[in-house]
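Structure first, commentary second.
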Amino acid sequence: MTLPNIRFSTNAGYGTPDSRPPEQVHRDAIELAVRAEELGYHSVSLSEHHFSDYVGVPNPAVVAAAIAARTERIRISINISVLPLHNPVTVAEDYALVDVISGGRLDFGCGRGYQPGEFKGHNVTLAESRTRLHEAIEIVQGLWTQDDFSYHGEHFQVDHLTLYPKPTQKPVPFRVAGVSPESFEAVAAMKLPLLCAPSITPLDKVKASLDVYRDALRSHGEDPADYSITLPQWVYIGLTDEESFTAPRASMEWFQRRNSELMTAGILPDDPGYSFYSKAQANRANFDYEHYYNQDVFLFCTPDKAIDRLRDRIEYLGVTEVLCAFHASSIEETLENMERFATTVMPAFTSETASAQASASVG
Amino acid sequence: MTITPEQPRHRGGVTSDRLTFGLSGLVTQADGTSPAAYHDAVRTAVEAAVLAEEVGLDAVWTSEHHFSSSGFVPAPFVLLAAMGERTERVTIGTDVMLPSMWDPVRFAEEAALVDQLSGGRLLLALGIGYRDHEFEGLGLRRRDRVARFEECIRVLRESVGGTVSGVGLNPGETLPTSPTPLQAGGPPIWGGGKVEAAVRRARRVTEGYFASMMSPDGLRRRIGWLDDEAPLDDFALAQTMLLFVAGSNRAAEDISAPGMRRVQGYMQSWKAESEPGGEAAIREEIVDSATWRPGDEWQAATPRPDLTDEERLTHALVIGDPDHCVERLTPFVEALARAPGNGPRHLSARLVYPAISAADTAECIRLFATEVVPPLHEVFMARGRRADGNDNQINPIRQPPRERRESINEGAVQ
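So the sequence lines, in the order shown, correspond to chains A and B. Here the first sequence is numbered in my numbering, starting from 94 and rising by one per residue. Here the second sequence is numbered in my numbering, starting from 208 and rising by one per residue.
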């Protein structure tokens, strides 16, 4: 059995619980992207967050442009732009310019968002997030590909508008995030590739969710094999089992605690679209690191075990890309681990990729 | 602990201890509307910013326009992030951005982010906007522009302290903002605009005034309005214009003509779109002016009944050899030097145009920095400003051109 052409990507290193000053946090993200390019990563991934110090930037397009100015090859992945918070015309302008500045290296990802504080601050209600996302996706895609574009929705109106510049890529790779089964079906209905966040969900449940997505794609007449599937993984490659367990622990516990706080601050219990988050939050608020470590939901292990586990997961889930969210106690250790993964784990898959390609060309 | 090799960089090059010089109009005006043409234009703009720093200029400036097939930038913070990444010392600024078209929280967040990324080099010159097409395309009304402009500045200022209020679903609630700007007090905010109300507003709600496209008399008159509104003290004064410099007057005219026809073309389109039947002008923006010829004066975008022809049309366009440019710019420098107050004084020129080769553009930037700037700085010091920036109109101190040239070279290796 040969594996498909697996791509390895990395987060931009925002999720580290150290006390760097803000200018250092953002500058380090750019240095990390430069290093990731040297190490052969396929893309570097940025996320959007507002009103907190949590693993993202208010507009990833700005940092993406800075990364584009310092790199030549690596793709810049937006994971994700919280579309319901913004005027979609503005989002279309921002990311079109990123694609132009980077010479066509943008992988756009969007989703409906989940942090109640972000919605309140943008004068948008959580209850509208799904319909706003749906309309905004149509508008961004329309403005990127058509002249004299019009759209009349419940939330947004666009009249005979032509966007300049349009993106370099035709089309820009466009993915939509989903966490809940409802979202998976909605993304499949739009016939767009799915983007998942790293989670503490057991693999069999991830498989079940992906099957929901693939079944929904088929019901819309699509072949799931035409759609990329990204497996996000929390990664720490230790030289021993002991290091693999200990080194990422503080970072992971910090991350889960922050995530839990921001996820439920001000959430309405009767909002049906977000009941999933209430359950997820309960899991994270009582986060038991050792429990999840033993369940193997992380990729916190030695290189040999990482290769075996990734191979199993790629095969089991039908994955085309692995997005690594490195977890370490500082940005220096994050960078070291990114290098360790690239030198000890990635080569196993690049050689398999090479042999798979060779046999494909023979076949 | 950090993986970033260098320490945080210093604030940008616009200071109040001397006359500083900038490169304006890095708006990536594209030579055509294809993504490839746009990519070339963006690359040219970023490389021009890098060169401006190398040759010792103090600032690079971009602006904001939406839905323009002439190839303007709708997302200045995105372009500034790229320019900031490739430069280390220059001020990276906007002349002008249009906060009336922005969500104030978004504007404050992105300004802070660019300030952080650039090591505290962001400077925001802001205007209220004037094209109906841009407001309408963003779902806004032009008539709200002054209120939106002032509200955005309020939020921008408040966000420097790490919180904003009066926004979002619960205006009574105070929200944290992240990041906050790196510069203490936030990026300097200047105002643009030509009419008296805009000029006086700049004095009331901002820290500087960025004049564009006017005569020395026009500049002096506006300095008078500003000073009348409130004593200038440390208020900043800046002037920008279209300029192209080459080895000879003839060469400057010949080389720049295609670029100037483009600039005049979109100006004519924007003028036409505000007149009856303007829809067609929006759809088919004029690429090249059919009427502009070298030697002609500037043809402005909007009819300005409150400006005289002398103000509107004279001196905005300077094309020639270094001596000619120095002669034409000297009255502006004198006006800046003689203005009351001791704030920053800045002179900026647009030197990058579509349809002009990269080599000719680079030569123009070099000539401006090495042949035009030093004599103008001498004029500035001779006409009033002491080196400590504290005195006006007395004690002229001449600075030998050679020293100025050396300081340019030092700037190039910083």
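Cβ atoms here follow ideal geometry from the backbone N, Cα and C, with glycine treated the same way.
Pairwise C-alpha distance: residue j and residue i
i	j	result
residue 230/B	residue 444/B	16 Å
residue 339/B	residue 348/B	8 Å
residue 399/B	residue 502/B	27 Å
residue 372/B	residue 241/B	42 Å
residue 602/B	residue 184/A	Any reading at residue 602/B must be qualified, since the residue scores a pLDDT of 33, below 50, and its modelled position is unreliable; no value is offered.
residue 536/B	residue 309/B	35 Å
residue 411/A	residue 121/A	33 Å
residue 437/A	residue 125/A	18 Å
residue 596/B	residue 343/B	Per-residue confidence for residue 596/B stands at a pLDDT of 45, beneath the threshold of 50, marking its modelled position as unreliable; the derived number appears in the next sentence. Cα to Cα, the separation comes out at about 45 Å.
residue 288/A	residue 143/A	20 Å
residue 624/B	residue 590/B	Since the first residue of chain B shown is 208 and the last is 621, residue 624/B is not available in this structure.
residue 397/A	residue 193/A	40 Å
residue 463/B	residue 432/B	35 Å
residue 259/A	residue 248/B	13 Å
residue 186/A	residue 347/A	35 Å
residue 413/B	residue 357/B	10 Å
residue 369/B	residue 319/B	10 Å
residue 241/A	residue 273/B	14 Å
Residue i in three-state terms, based on DSSP
i	result
residue 348/A	helix
residue 424/B	helix
residue 600/B	Low local confidence applies: a pLDDT of 39 at residue 600/B is under 50, so the model's placement there is unreliable, and no value is given.
residue 586/B	helix
residue 386/A	helix
residue 242/A	strand
residue 235/A	helix
residue 452/B	strand
residue 532/B	helix
residue 327/B	coil
residue 361/B	helix
residue 471/B	helix
residue 512/B	Because residue 512/B sits at a pLDDT of 49, beneath the cut-off of 50, its placement in the model cannot be relied upon, and the following sentence gives the value as read from the coordinates. Reduced to three states, the DSSP call for residue 512/B is coil.
residue 394/A	strand
residue 269/B	strand
residue 287/A	strand
residue 201/A	strand
residue 593/B	Bear in mind that the predicted position of residue 593/B carries a pLDDT of just 47, short of 50, making it too unreliable to give a figure here.
residue 279/B	coil
residue 267/A	strand
residue 250/A	strand
residue 438/A	coil
residue 613/B	The predicted model places residue 613/B with a pLDDT of 35, which falls under 50 and marks its position as unreliable; any figure quoted below should be read in that light. The answer is helix: DSSP assigns residue 613/B an H, G or I state.
residue 527/B	strand
residue 487/B	helix
residue 564/B	coil
Nearest candidate by alpha-carbon position, reference residue i, set the options
i	options	result
residue 306/B	544/B, 271/B and 385/B	271/B
residue 457/A	306/A, 240/A and 239/A	Shown here, chain A extends from 94 to 456; a query on residue 457/A therefore has no answer.
residue 257/B	424/B, 296/B and 484/B	296/B
residue 255/A	104/A, 249/A and 237/A	237/A
residue 459/B	568/B, 251/B, 436/B and 247/B	568/B
residue 542/B	325/B, 331/B, 446/B and 267/B	446/B
residue 127/A	209/A, 220/A, 432/A and 440/A	432/A
residue 333/B	451/B, 481/B and 395/B	395/B
residue 361/B	386/B, 337/B and 393/B	393/B
residue 297/A	201/A, 314/A, 408/A and 353/A	408/A
residue 566/B	485/B, 316/B and 453/B	453/B
residue 151/A	136/A, 165/A, 133/A and 171/A	171/A
residue 311/B	375/B, 287/B and 540/B	375/B
residue 480/B	526/B, 436/B, 341/B and 470/B	341/B
Residue i - partner residues in DSSP beta bridges
i	result
residue 326/A	417/A
residue 622/B	Examination of residue 622/B is not possible in this model, given that chain B is present from 208 through 621 alone.
residue 695/B	Nothing about residue 695/B can be read from this structure; chain B reaches only from 208 to 621.
residue 231/B	557/B
residue 103/A	137/A and 417/A
residue 446/B	418/B and 554/B
residue 226/B	552/B
Beta-carbon neighbours of residue i, restricted to chain D and to distances below 7 Å
i	result
residue 349/B	Included in the structure are the protein chains A and B, with no chain D among them.
In chain order, which alpha helix (DSSP H) runs of at least 4 residues are fully inside the stretch 138-189 of chain A? Listed in chain order, the complete alpha helix (DSSP H) runs (minimum 4 residues) inside the stretch 138-189 of chain A are 153-163.
Just list the beta strand (DSSP E) runs in the stretch 352-410 of chain B, keeping only unbroken ones of 3 residues or longer that don't cross its boundaries, in chain order. The stretch 352-410 of chain B contains these whole beta strand (DSSP E) runs: 370-372, 381-383 and 396-398.
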